[in-house]
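Engineer: Numbered per our numbering, the sequence shown finishes at 817, counting up by one with no gaps.
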Amino acid sequence: MFLKRSCKKDQKRILNALGSIFFLALITSIVMIQKTTPPNNDADSTFPERERTKEAIELALKRSRLYSESREKQYIKDQRSNYGYTNGKLKQINDEEHFHLQNKVYLDYTGAAPYPVSVLTNSYSDLFQNFYANTHSRSQPSLQTSDLIEKFRSKLLEYFNTKSSQYSVIFTSGTTQALKLVGEVFPFSRNSKFAYLNQNHNSVIGIREYVLLKEASFHSLKEEHIQQFIKDEKENGNEIEDVLNLFAYPAESNFDGSKYDLNWIKDFQSIKNKNWFVLLDAAAFLPSNKLDLTKYPADFVTLSFYKMFGYPTGLGALIIKNDLVHLLQKSYFGGGTVILVSDCTNFCLRHPNPSTFLEDGTLPFLDIITAKYGLEFLQDLGVDQISQHIYHLGKYLVKEFSKLRWSNGNPLVEIYGKWDLNQDNNYMKQGGIVTFNLLDTKNNYLNFNQVQETLESEGINVRTGCHCNPGACTQYFDINEDDLKQAAEEKESCGDDIIFINNKPLGAIRASLGYGTTFEHIDYLIQVIKMKYIEKEGNF
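What follows is the structure, given as structure tokens:
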């Protein structure tokens, strides 16, 4: 019997080894094919010009690379330790992890981080060698899957410098579902207040629909009005202890990279009666910043993993304080969230565990298990280094943009955010996002969608529009309620061709930088804008 078991174990080891070899050979083959085979041109049909300029783009990037090398070396020398990467680390990242982005300048990291090759290979190697199953079972694969999911929850909490006795991780399909869940379960009442920073994502502002259902009030606040609002609440706030209020804001704006004061968390929590809770949208912040929940103990934190490290998509999380779970008012219950249910009365015994209580249905267990490889990738790079890296690249881009002027002296570029070229380390206030519009010789706004198409034809990927942040657009472009009503009559979708209302733009161009962005990318963007606009001034 022992010999038979030993043989079976040996057979299993051999099969696992052969499987690993086969898998790695398969991945290597795919990698080599991707490196040597031209991409399918069908995907580029939206921009026919790009078909004609693929070789030109490659040549231009090579020239930009040579042009950038000496400037990059000088910049690293000038910035000393403030620049994020040294010793060829950045080149290694792009050569080994992002070869699928060769001959592209990808500047939409806030939209989604590129998926690193090592994260994919580690993920699929794991899935190839192991079998995982639905956690709502007592089978051995199910128990193993449950154990790995709980370990990842603990790893996440450790990453945010907290522990399971303080917070719980609720897995969601992304930041939007996490925010929606907060709106659904927060105990708003008729006298409650929902306050939020005006420059918030639509998914945060959407919570006010739940507020209105309870006939509560909402308050849109500009950054400069936050402290006065807190002061007023401390002096004149609601005396009724069982009336609970919520303040929501982003740690970093997805529109322009502006960072907001994390001390607001404790400021709101310290209001009398302790009846203010804080929701922190960390989706745009976490890809390049560390969040310490011991130092900044937000009551709710929302995030998406694909924004942090590219893969897997369709997975996010709500991190919630354990001591407020008993206050939540959850109506619907799905599979796995209850212990006992009567089919003929309204009896229902819900699960006491916060995560289980709030996670309806079967979790995307394969995505959760493989997400650990993305988190490890991010930890290996170091978010502090990423933050420094993209801030200094962004500052370099802003500095070069500010030099671009028409022959009459008028600026070509209008830049948004908290960029300050006079401060060496402004990264506590500004992230690595450069949002801008181009102006013609008479200071009129150019069509940002047409600018995007021009950049796209040269292999540069940026994003345009209001970026689901209406408060940023209304504030920067002085859009009033009458403008919004007029736009509502004309627009059919957020991505249509109606981009001006009363000569005011309804958006901007966003270049969001990330851990793989290089000087070559930034210089190439600058050169293309010079070539397409400054050198063709007669067209504008």
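All C-beta atoms in this analysis are idealised placements derived from N, C-alpha and C, irrespective of residue type, glycine included. Computed from a predicted model, the values in this text were never measured in an experiment.
1. Could you give the distance in angstroms between the alpha-carbon of D569 and the alpha-carbon of N540?
2. Return the bridge partner residues of E529 from the DSSP annotation.
3. In angstroms with no decimal places, state the Cα-to-Cα distance between L557 and T590.
4. In the DSSP assignment, what residue or residues form a beta bridge with Y248?
5. Under 8 angstroms, do M440 and L434 count as touching if we go by C-beta distance?
6. Within a Cβ cutoff of 7 angstroms, which residues of the same chain sit near P641, ignoring the five residues on either side of it in sequence?
7. Looking at C-beta atoms only, is the number of pairs between the stretch 679-695 and the stretch 807-817 that lie closer than 8 angstroms three or more?
8. What does DSSP give as the partner residue(s) for S445 in the beta ladder?
9. Taking Cβ to Cβ, would you say G638 is nearer than 8 angstroms to G612?
10. Taking only runs of the alpha helix (DSSP H) that begin and end inside the stretch 390-423, which ones reach a length of at least 4 residues, in chain order?
11. Kindly list the residues whose CB is nearer than 7 angstroms to the CB of V462, restricted to its own chain and excluding five residues on each side of it in sequence; keep chain order.
12. Residues in the same chain with beta-carbon distance under 6 angstroms from I426, minus the five sequence neighbours each way, listed in chain order, please.
13. Taking the CB atoms as reference points, tell me whether N475 and K508 lie closer together than 8 angstroms.
14. So, K572 versus Y444, is the Cβ gap smaller than 8 angstroms?
15. Does DSSP classify L689 as helix, strand or coil?
16. Determine the direct distance from the alpha carbon of F545 to that of E236, and round the result to whole angstroms.
17. Of all Cβ atoms in chain C, is any one closer than 8 angstroms to the Cβ of T449?
18. Ignore the nearest five residues each way along the sequence and tell me which others in V728's own chain have a CB closer than 7 angstroms to its CB.
19. Give a yes or no on whether the C-beta atoms belonging to G748 and S497 are separated by under 8 angstroms.
20. Helix or strand or just coil, what does DSSP make of V459?
21. Taking the C-alpha atoms as reference points, what is the distance between A560 and K584?
22. Taking the alpha-carbon positions, what's the N699 to F562 distance?
23. Anyone know if the C-beta pair for G708 and E501 falls short of 8 angstroms?
24. Roughly how far, in whole angstroms, is the beta-carbon of H798 from the beta-carbon of V382, given that I think they are within contact range, below 8 angstroms?
25. State the Cα-Cα distance for the pair S402 and N411, rounded to the nearest angstrom.
26. Got a sec, what are the start and stop residues for the beta strand (DSSP E) C745 sits in?
27. Under the three-state reduction of DSSP, which class applies to C625: helix, strand or coil?
28. Quick check: the Cα distance between G534 and T622, rounded to an integer number of angstroms?
29. Across the stretch 390-402 and the stretch 661-677, are there enough close Cβ pairs to call them in contact, namely three or more that are closer than 8 angstroms?
30. So, are the CB atoms of Y693 and P782 less than 8 angstroms apart?
31. In the DSSP output, what is F577 paired with across the bridge?
32. Which two residues bound the contiguous beta strand (DSSP E) that contains A561?
33. With DSSP as the reference, label I737 as helix, strand or coil.
34. Does the distance from the C-beta atom of L595 to that of D576 stay below 8 angstroms?
35. Ordered along the chain, which non-local residues of its own chain (more than five positions away) have a Cβ less than 8 angstroms from that of I447?
36. In this structure, how does DSSP classify T751 when only helix, strand and coil are distinguished?
Structural biologist: A quick look at the data gives this:
1. If you draw a straight line from the Cα of D569 to the Cα of N540, it is about 12 angstroms long.
2. Answer is K536, bridged to E529.
3. A direct Cα-to-Cα measurement between L557 and T590 gives close to 21 angstroms.
4. The requested residue 248 does not occur in the structure, where the chain is confined to residues 278 to 817.
5. Residue identity differs from the one stated: residue 440 is Lys in this sequence, not Met. Using a Cβ distance threshold of 8 angstroms, K440 and L434 count as a contacting pair.
6. The residues are G591 and L592.
7. Yes, they touch.
8. Paired residue(s): I597.
9. Yes, Cβ-Cβ distance for G638 and G612 is below 8 angstroms.
10. Counting whole runs of 4 or more residues, the stretch 390-423 contains the alpha helix (DSSP H) stretches 394-406.
11. The residues L605, Q606 and K607, in chain order, have a CB closer than 7 angstroms to that of V462 in the same chain once the five nearest residues on each side in sequence are set aside.
12. Same-chain partners within the cutoff: I645.
13. In this structure, K508 does not lie closer than 8 angstroms to N475 by Cβ.
14. No, Cβ-Cβ distance for K572 and Y444 is not below 8 angstroms.
15. Residue state, collapsed to three classes: coil.
16. Summary: the structure shown does not reach residue 236, with the chain confined to residues 278 through 817, and so no result is reported for it.
17. Of the protein chains in the structure, only one exists, and it is not chain C.
18. Excluding residues within five positions, the ones whose Cβ falls inside 7 angstroms are L715 and I786.
19. Yes, the pair counts as a contact, with Cβ atoms nearer than the cut-off.
20. Three-state result, V459: helix.
21. Between A560 and K584, the C-alpha separation is close to 7 angstroms.
22. N699 and F562: Cα-Cα distance of roughly 23 angstroms.
23. The Cβ atoms of G708 and E501 lie no closer than 8 angstroms to each other.
24. About 5 angstroms separates the two Cβ atoms, so the contact holds.
25. Approximately 20 angstroms between the Cα atoms of the pair.
26. That residue, C745, is in no beta strand (DSSP E); it is neither H nor E in DSSP.
27. Note: C625 maps to strand in three-state DSSP.
28. A direct Cα-Cα distance of roughly 51 angstroms separates G534 from T622.
29. The stretch 390-402 vs the stretch 661-677: no contact.
30. Taking 8 angstroms as the cut-off, the beta carbon of Y693 is found no closer than this to the beta carbon of P782.
31. BP columns for F577 point to L556 and I597.
32. Note, A561: premise wrong, no beta strand (DSSP E); not H, not E.
33. Strand, per DSSP.
34. Against a cut-off of 8 angstroms, the Cβ pair of D576 and L595 comes out as no contact.
35. Here the set comprises A455, L458, A594, L595, I596, I597, P631, S632, L635 and E636.
36. Note: T751 maps to helix in three-state DSSP.
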